[in-house]
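J.:
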Amino acid sequence: MTTSVVEPKVGFGRTLHAEWIKLRSLRSTWYTLACLFAVGLGITALAANGAGQAWDTATEADRLAWDPTGRSLMAYIVAQLIVGVLGILVVTSEYATGLMGTTLTATPRRTRVLAAKVVLATAIAAVAGELLMFGSFLTGQSLMTGQGVPTASLSDPGVFSAVTAGGLYLAAIALLAIGLGVIMRATAGALATLVGIVFLVPAMAGLFPSWMTGLFNYWPTLGGSAALTTVPSPDYPHPWLNLAGMGVGIAAVLAAAFTLFRRRDI
1 MTTSVVEPKV GFGRTLHAEW IKLRSLRSTW YTLACLFAVG LGITALAANG AGQAWDTATE
61 ADRLAWDPTG RSLMAYIVAQ LIVGVLGILV VTSEYATGLM GTTLTATPRR TRVLAAKVVL
121 ATAIAAVAGE LLMFGSFLTG QSLMTGQGVP TASLSDPGVF SAVTAGGLYL AAIALLAIGL
181 GVIMRATAGA LATLVGIVFL VPAMAGLFPS WMTGLFNYWP TLGGSAALTT VPSPDYPHPW
241 LNLAGMGVGI AAVLAAAFTL FRRRDI
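The sequence shown stops at residue 266 when you use full-length UniProt numbering, and every number in between is there.
Pasting the structure below:
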């Protein structure tokens with residue numbers, strides 16, 4: 001008589017816990033988070049310390065468009081790259097070490113594994129992003145106080161939503177990075193693609209004919225980052241809609257990532 005062995009069911013909570021153990025055991029995770037706050041707050045300090053000089057040399061039009069909130073949140077420019085690295089490493093570090101095969105042997109349901117990685121990385125990026133954005137805002141405003149320039153507080157119209165949008169934007173970048181990491185399965189390729197999406201394509205807008213320049217107003221990261229300001233831009237009159245549109249585009253990348261992760265070999 002033979003007996004069958006019933007494998008214990010591994011719930012999503014256990015899968016999520018296992019992914020958390022793996023992620024927190026990587027030194028690169030903590031180095032990346034430390035770099036995020038050190039570089040982000042450093043950029044904020046530089047931008048805030050130069051606010052007085054910028055205000056003194058500003059034209060009347062520049063002063064009307066002065067946005068102390070946006071100046072304090074300029075850390076997002078580099079922070080999005082650092083958060084992207086974190087999102088990429090959540091996936092590609094396992095491909096590089098061969099641990100992905102072990103992970104999929106322990107949890108054969110691939111969609112559950114990837115979903116756990118997505119939830120975990122998004123939660124970390126959202127918390128770290130919000131902490132960085134609020135820390136950058138408070139640091140920036142305190143450094144600008146006494147320089148003779150207009151400052152802002154969280155109770156001012158649009159300020160709290162702009163700071164919150166910064167954390168959401170960084171969480172969205174982390175999601176994009178995870179999708180690229182799954183599709184590329186290599187840190188270098190995923191990072192190069194992320195840099196192209198976030199930095200190179202917007203920077204190349206001026207190289208194209210004028211009739212094509214307007215198309216760049218719909219580039220997801222440009223529109224999404226417009227939500228981090230309190231002074232409306234004529235190019236992005238509805239920045240939260242742009243941020244939502246960015247989320248739709250990232251959802252498409254994640255859908256492709258889930259499909260490939262489920263169908264490909266390790």
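Beta carbons are placed, not taken as given, at the ideal position from N, Cα and C, and that holds for glycine.
1) Figure out for me which residue from E94, G135, P232, D56 has the closest Cα to the Cα of P157.
2) Whole alpha helix (DSSP H) runs in the region 14-78 with 4 or more residues, listed along the chain?
3) What is the rounded straight-line gap between the Cα of A172 and the Cα of W55?
4) Leaving out five residues before and five after V182 in sequence, what residues of the same chain have Cβ atoms less than 6 angstroms from its Cβ?
5) Given P220, which residues of its chain have a CB within under 7 angstroms of its CB, disregarding the five upstream and five downstream residues?
6) Are the CB atoms of V198 and Q80 nearer to each other than 8 angstroms?
7) Starting from V248, trace the alpha helix (DSSP H) both ways and give me its first and last residue.
8) Check the DSSP bridge columns for S153 and list the partner residues they point to.
9) So V118 and I21 are supposed to be a Cβ contact under 8 angstroms. How far apart are they, rounded?
10) Closer than 6 angstroms by C-beta to R185: which residues in its own chain qualify, once you throw out the five before and the five after it? Chain order, please.
11) Need the endpoints of the alpha helix (DSSP H) that L143 sits in, please.
12) Given 8 angstroms as the limit, is there contact between the region 44-52 and the region 61-81, that is, 3 or more CB pairs closer than that?
13) Whose C-beta lies closer than 6 angstroms to the C-beta of G129 among residues of the same chain, with five residues either side of it excluded?
14) Thinking T32 and L86 are a contact (beta carbons under 8 angstroms), I'd like their distance in whole angstroms, please.
15) Can you tell which of P108, A58, T107 has its C-alpha closest to the C-alpha of V149?
16) From the DSSP output, which residues share a beta bridge with Y236?
17) Could you give the residue range of the alpha helix (DSSP H) that holds M184?
18) Does the beta-carbon distance from L180 to T193 come in below 8 angstroms?
19) Report the residue from S225, F134, D235, L120 whose alpha carbon sits nearest the alpha carbon of R14.
20) Return helix, strand or coil for Q80, following the three-state DSSP convention.
21) Run through DSSP, which three-state label would T102 get?
22) If we ignore side chains and look at the alpha-carbon of each, how far apart do S25 and S153 end up?
23) In terms of residue numbering, what span does the alpha helix (DSSP H) encompassing G223 cover?
24) Closest to L132 by CA distance: which of T102, A203, V39, A251 is it?
25) Roughly how far, in whole angstroms, is the beta-carbon of A190 from the beta-carbon of I88, given that I think they are within contact range, below 8 angstroms?
T.: Taking the definition as stated:
1) The residue given as residue 157 occupies position 157 in the sequence shown. Relative to P157, the option among E94, G135, P232, D56 whose CA is nearest is P232.
2) Entirely contained in the region 14-78, the alpha helix (DSSP H) runs reaching 4 residues are, in chain order, 27-49, 51-56, 60-64, 68-72.
3) For the purposes of this step, residue 172 is identified with residue 172 of the sequence shown, where counting begins at 1. For the purposes of this step, residue 55 is identified with residue 55 of the sequence shown, where counting begins at 1. Rounded to the nearest angstrom, the two C-alpha atoms are 33 angstroms apart.
4) On the sequence shown, residue 182 is found 182 positions in, with the first residue counted as 1. Hits under 6 angstroms: V91, A257, F261.
5) Start at 1 with the first residue of the sequence shown, and residue 220 comes out as number 220. Excluding positions up to five away in sequence, the list reads G245, M246, G249.
6) For the purposes of this step, residue 198 is taken as the residue at position 198 of the sequence shown. For the purposes of this step, residue 80 is taken as the residue at position 80 of the sequence shown. Result yes, Cβ atoms of V198 and Q80 sit closer than 8 angstroms.
7) On the sequence shown, position 248 is the one that residue 248 refers to. Where V248 is concerned, the enclosing alpha helix (DSSP H) stretches over 239-263.
8) For the purposes of this step, residue 153 is identified with residue 153 of the sequence shown, where counting begins at 1. S153 is bridged by DSSP to nothing; it lacks a bridge partner.
9) Walking along the sequence shown from the start, residue 118 turns up at place 118. Walking along the sequence shown from the start, residue 21 turns up at place 21. Actually they are not in contact, since the Cβ atoms of V118 and I21 sit about 17 angstroms apart, beyond 8 angstroms.
10) Position 185 of the sequence shown holds residue 185. Result list for R185: Y95, in chain order.
11) Residue numbering aside, residue 143 sits at position 143 when the sequence shown is read from its first letter. Unbroken alpha helix (DSSP H) run through L143: 110-144.
12) The region 44-52, when compared against the region 61-81, does touch it at the 8 angstroms Cβ threshold.
13) By 1-based counting over the sequence shown, the position of residue 129 is 129. G167, L170, A171, listed in sequence order.
14) Your numbering for residue 32 matches position 32 in the sequence shown. Your numbering for residue 86 matches position 86 in the sequence shown. Sure, about 5 angstroms apart at Cβ, within 8 angstroms.
15) Here the question's residue 149 lines up with position 149 in the sequence shown. It is A58.
16) For the purposes of this step, residue 236 is taken as residue 236 along the sequence shown, with counting starting at 1. Per DSSP, S233.
17) Counted from its first residue, the sequence shown places residue 184 at position 184. The continuous alpha helix (DSSP H) containing M184 extends over residues 159-184.
18) Locating residue 180 in the sequence shown gives position 180, where the first residue counts as 1. Locating residue 193 in the sequence shown gives position 193, where the first residue counts as 1. Yes, the pair counts as a contact, with Cβ atoms nearer than the cut-off.
19) Indexing the sequence shown from 1 puts residue 14 at position 14. Answer by Cα proximity: L120.
20) Within the sequence shown, numbered from 1, the residue matching residue 80 stands at position 80. In the structure shown, Q80 adopts helical secondary structure according to DSSP, grouped into three states.
21) Against the sequence shown, residue 102 aligns to sequence position 102. T102 sits in a helix when the DSSP states are folded into three classes.
22) Along the sequence shown, one-based indexing puts residue 25 at 25. Along the sequence shown, one-based indexing puts residue 153 at 153. In a straight line, the C-alpha of S25 is about 38 angstroms away from that of S153.
23) Taking the first residue of the sequence shown as 1, we reach residue 223 at position 223. Judged by DSSP secondary structure, G223 falls within the alpha helix (DSSP H) whose first and last residues are 220-225.
24) For the purposes of this step, residue 132 is taken as residue 132 along the sequence shown, with counting starting at 1. With distances taken between CA atoms, L132 lies nearest to V39 out of T102, A203, V39, A251.
25) Taking the first residue of the sequence shown as 1, we reach residue 190 at position 190. Taking the first residue of the sequence shown as 1, we reach residue 88 at position 88. That belief holds up - the Cβ atoms of A190 and I88 are roughly 5 angstroms apart, short of 8 angstroms.
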